[in-house]
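Following: one structure in C-alpha cells, then a few remarks.
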Amino acid sequence: MKALLINPTWETFISRKGKRYNRHFPPLDLLNCAALLEQKKIYVEILDANISDLSPLEIADYASRFDKVFITSTPYYKWQCPNLDFDAFLNFIKLFDKHNLYLMGAHCSIYPKKVLQLTEAIVIIRGEPEYTVLEICQGKTYRDIHGLTFKQNGNVITNPDRDLLSLDQLPLPAYHLVDPKKYGYEILGDNFMIFEGSRGCPYKCNFCLQIMYGNKYRKKSASKLINEVDYAIQESEVENGYFYDLEFTLNKDLVNRLCDYLIERKYNFSWTCQARTDTVDPQILKKMKEAGCKIIHFGVETGSKKILELINKKITLQEIEKGIGMTKQIGIETVCFFMFGLPGETKADFLKTIKLAKRLNPTYASFHVATPYPGTEFFNLFTSALPSPFEGEGNEEASIRFPEAYIKEHSLKELEAVTRKAFLQFYLRPKYILSRLWTRNPGSWLKQLKLFINFVR
Numbered sequence: 001m002k003a004l005l006i007n008p009t010w011e012t013f014i015s016r017k018g019k020r021y022n023r024h025f026p027p028l029d030l031l032n033c034a035a036l037l038e039q040k041k042i043y044v045e046i047l048d049a050n051i052s053d054l055s056p057l058e059i060a061d062y063a064s065r066f067d068k069v070f071i072t073s074t075p076y077y078k079w080q081c082p083n084l085d086f087d088a089f090l091n092f093i094k095l096f097d098k099h100n101l102y103l104m105g106a107h108c109s110i111y112p113k114k115v116l117q118l119t120e121a122i123v124i125i126r127g128e129p130e131y132t133v134l135e136i137c138q139g140k141t142y143r144d145i146h147g148l149t150f151k152q153n154g155n156v157i158t159n160p161d162r163d164l165l166s167l168d169q170l171p172l173p174a175y176h177l178v179d180p181k182k183y184g185y186e187i188l189g190d191n192f193m194i195f196e197g198s199r200g201c202p203y204k205c206n207f208c209l210q211i212m213y214g215n216k217y218r219k220k221s222a223s224k225l226i227n228e229v230d231y232a233i234q235e236s237e238v239e240n241g242y243f244y245d246l247e248f249t250l251n252k253d254l255v256n257r258l259c260d261y262l263i264e265r266k267y268n269f270s271w272t273c274q275a276r277t278d279t280v281d282p283q284i285l286k287k288m289k290e291a292g293c294k295i296i297h298f299g300v301e302t303g304s305k306k307i308l309e310l311i312n313k314k315i316t317l318q319e320i321e322k323g324i325g326m327t328k329q330i331g332i333e334t335v336c337f338f339m340f341g342l343p344g345e346t347k348a349d350f351l352k353t354i355k356l357a358k359r360l361n362p363t364y365a366s367f368h369v370a371t372p373y374p375g376t377e378f379f380n381l382f383t384s385a386l387p388s389p390f391e392g393e394g395n396e397e398a399s400i401r402f403p404e405a406y407i408k409e410h411s412l413k414e415l416e417a418v419t420r421k422a423f424l425q426f427y428l429r430p431k432y433i434l435s436r437l438w439t440r441n442p443g444s445w446l447k448q449l450k451l452f453i454n455f456v457r
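Its first residue numbered 1, the sequence shown is counted upward by one per residue in full-length UniProt numbering.
This is the structure:
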C-alpha cells in the first residue's frame with residue numbers, strides 16, 4: 001500500500017497572495033495523517049503543490065504511481081477562511097484518475113454531496129481526516145468508516161460523523177516529510193512550521209467556521225506540544241513557528257509550561273500565535289516575549305459595540321483596547337483583523353471600525369470583506385436577508401464557491417471600496433509611517449513596505 005497526500009495549489013487572486021507574500025504554511029493536517037500511516041507501516045508521501053517544481057499535470061502523473069491519493073480542499077494557511085473560488089480546485093482535480101481519489105477539507109465537510117458530484121471522486125472525507133484516512137488505507141469497508149460520504153450502486157451514502165479525537169492520541173507529526181526551509185510567513189520568517197496546542201473554541205462568534213474541527217474545545221497536553229516543538233527545532237532545524245490554535249492564550253498552563261521550556265533551552269526560535277484580547281495579561285505576555293514570541297494576532301472584527309454584540313463576540317471595546325495596549329507595551333508586535341459587511345452594519349459602523357484601527361495602531365492591520373460561510377450562524381443571517389432564496393440545497397453551485405457579501409445593506413463593490421479605504425487610511429498616516437521608520441526593528445518596517453506595495457500594485 002502506497003498513499004500520497006496532496007496539498008493543492010490555488011490559482012486565484014487569494015491564493016496568489018501566498019506567492020506574492022511568501023506565505024507558505026506546511027500542511028499540518030497532512031503531516032498528522034502521514035504520521036498515523038507511518039505508525040502502521042504504510043508507505044506515505046506528502047506533495048505540496050505550492051512549493052513543488054512539478055506542474056499540475058506532472059503531479060497528476062506522479063500520483064498515478066500510488067494506490068490511494070488524498071487531496072485536501074483547504075490550503076492550510078486558509079483553513080479558517082477557505083478560498084472563495086472553488087473552480088481552481090475543481091480544475092486541479094480534473095487531472096487525476098478518479099478510481100483512487102479521496103477528497104477532504106472544509107468544502108468537503110460543508111457540502112460533501114455536491115463535491116462528490118462535481119469532482120467524481122470515490123469518497124469524500126468529512127471533518128477531522130486523520131483516522132478516516134488511516135482506516136481507508138487499512139482497507140476497511142467504506143460502510144464501516146465514520147465520516148465518509150460516497151457513492152454505491154448509484155446512490156450517495158452518508159455515514160455517521162466521526163467522533164472528535166483526543167489530540168494526545170496523535171503521534172508526532174511527520175515533519176521529516178516536508179522541508180521547513182521551503183515554508184515561511186512574510187511577517188515572521190522562513191524555516192517555518194505550524195503547531196497546534198488545541199482544536200475548537202469555547203466561544204460562539206457567529207461568523208466562525210468550525211465545521212472541520214467542531215465547536216468543542218480540546219487541549220493537547222503541554223508535554224506533547226513541547227515534544228513536537230523540540231523535535232521540529234532540533235531535528236528539522238525550524239527557526240520560526242506559528243501556534244495556530246484559535247485561542248492560544250486561553251490555556252494558560254500550556255502557554256506557561258511551553259514558555260518556561262523555551263526560555264530554559266535558549267533556542268533561536270521565534271514564534272507567533274492567535275489570541276483574544278481578554279485572555280492576555282502582563283505576566284503571560286512578558287513570559288511569551290522572553291520565550292521568543294514576536295507577534296500576536298487578534299481578531300478585533302469591528303469598532304461598533306452594536307456589531308460586536310450582533311456577532312456574539314462576547315467582548316467589549318474596552319477589553320479590546322486594553323489587551324492590544326498591554327501587548328504593545330510589553331514589546332510584542334500586533335496584527336489586528338477587521339471585517340466589513342456584517343448584517344446590520346451601517347456606514348457609520350464602518351467609520352467606527354476605521355477609527356478604532358487607527359486608535360489601536362497595531363503593527364499590522366488587516367481589513368477584509370466579511371464572508372458568510374455555510375454552516376455558520378452568520379450564513380443563516382445572510383440568507384434570511386436576501387430578497388430571493390439562497391440555500392445549500394437550492395443553490396449549491398454558488399454556495400460551494402463561498403460567495404462574498406450578499407448583504408442587503410451594501411453591495412460587494414461598496415464593501416471592497418471601504419476595505420481599500422481603510423487599508424490606505426491606516427497605512428498612509430504620517431504618524432504611522434514615522435513610527436515605523438523610527439522602529440528599532442528595521443526588518444519589520446521593510447516587511448510592512450513590501451506588504452503595502454504588493455497590496456496596491
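Cβ atoms here follow ideal geometry from the backbone N, Cα and C, with glycine treated the same way.
{"Item": "Using DSSP bridges, identify the partner residues of Val156.", "Value": "Lys151"}
{"Item": "With a threshold of 8 Å on Cβ separation, who are the neighbours of Met326 within its own chain once the five nearest residues in sequence on each side are excluded?", "Value": "Val280, Asp281, Pro282 and Leu285"}
{"Item": "If we ignore side chains and look at the alpha-carbon of each, how far apart do Lys2 and Ala106 end up?", "Value": "25 Å"}
{"Item": "Please report the residue range of the alpha helix (DSSP H) in which Leu360 lies.", "Value": "Lys347 to Leu360"}
{"Item": "Put Ile332 into one of helix, strand or coil per three-state DSSP.", "Value": "coil"}
{"Item": "Give me the Cα-Cα distance between Val133 and Pro27, rounded to the nearest whole angstrom.", "Value": "15 Å"}
{"Item": "Do you know whose CA, among Thr346, Lys358 and Met288, lies nearest Ile332's CA?", "Value": "Met288"}
{"Item": "For the beta strand (DSSP E) that Gln425 lies in, which residues bound it at each end?", "Value": "Segment Leu412 to Tyr427 is the alpha helix (DSSP H) holding Gln425; no beta strand (DSSP E) there."}
{"Item": "Which first and last residues belong to the beta strand (DSSP E) in which residue 460 is found?", "Value": "The question about residue 460 has no answer here: the residues shown for the chain are numbered 1 through 457."}
{"Item": "Taking the beta carbon of Glu128 as the centre, do at least 16 other beta carbons fall within 10 Å, making it buried, or is it exposed?", "Value": "buried"}
{"Item": "Does the pairing of the stretch 213 to 229 with the stretch 44 to 61 give three or more beta-carbon distances under 8 Å?", "Value": "no"}
{"Item": "Determine the contact status of Pro362 and Thr316, defining contact as a CB-CB distance below 8 Å.", "Value": "no"}
{"Item": "Under the rule that 16 or more other beta-carbon atoms within 10 Å means buried, what is Tyr213, buried or exposed?", "Value": "buried"}
{"Item": "Which residue or residues does DSSP assign as beta-bridge partners of Ala275?", "Value": "Phe298"}
{"Item": "Please work out which residues of its chain come closer than 6 Å, Cβ to Cβ, to Asp179, disregarding the five sequence neighbours upstream and downstream, and give them in chain order.", "Value": "none"}
{"Item": "Can you tell me whether Pro8 sits near the ligand NAD, meaning its C-beta is under 7 Å from at least one heavy atom of the ligand?", "Value": "As presented, the structure is devoid of all ligands, the ligand NAD included, so that no description of it is given."}
{"Item": "Please name the residue in Ile71, Asp67, Phe25 and Pro112 whose C-alpha comes closest to that of Gly375.", "Value": "Pro112"}
{"Item": "Identify which residue in Asn206, Arg143, Tyr185 and Leu148 has its Cα closest to the Cα of Lys314.", "Value": "Asn206"}
{"Item": "Distance, Cα to Cα, Glu345 vs Phe367?", "Value": "15 Å"}
{"Item": "Rounded to the nearest angstrom, what separates Val44 and Thr249 at their Cα positions?", "Value": "34 Å"}
{"Item": "Would you mind stating whether Phe269 and Gly303 have Cβ atoms separated by less than 8 Å?", "Value": "no"}
{"Item": "Report back the beta-carbon spacing between Asp245 and Glu196 to the nearest angstrom; my notes put them in contact at under 8 Å.", "Value": "6 Å"}
{"Item": "Taking the beta carbon of Asn32 as the centre, do at least 16 other beta carbons fall within 10 Å, making it buried, or is it exposed?", "Value": "buried"}
{"Item": "Across which residues does DSSP place Gly241 in a beta bridge pair?", "Value": "Met193 and Trp271"}
{"Item": "When you compare each of His99, Val255, Gln318 and Ser73 to Phe92 by their alpha carbons, which one comes out closest?", "Value": "Ser73"}
{"Item": "Do the CB positions of Ile71 and Leu103 come within less than 8 Å of each other?", "Value": "yes"}
{"Item": "Relative to the alpha-carbon of Ala232, which residue among Lys68, Phe192, Glu38 and Tyr217 has its alpha-carbon at the smallest distance?", "Value": "Phe192"}
{"Item": "Name the residue from Leu167, Asp144, Leu101 and Tyr203 whose alpha carbon lies nearest to the alpha carbon of Glu309.", "Value": "Tyr203"}
{"Item": "What's the gap between the Cα of Asp161 and the Cα of Lys151?", "Value": "17 Å"}
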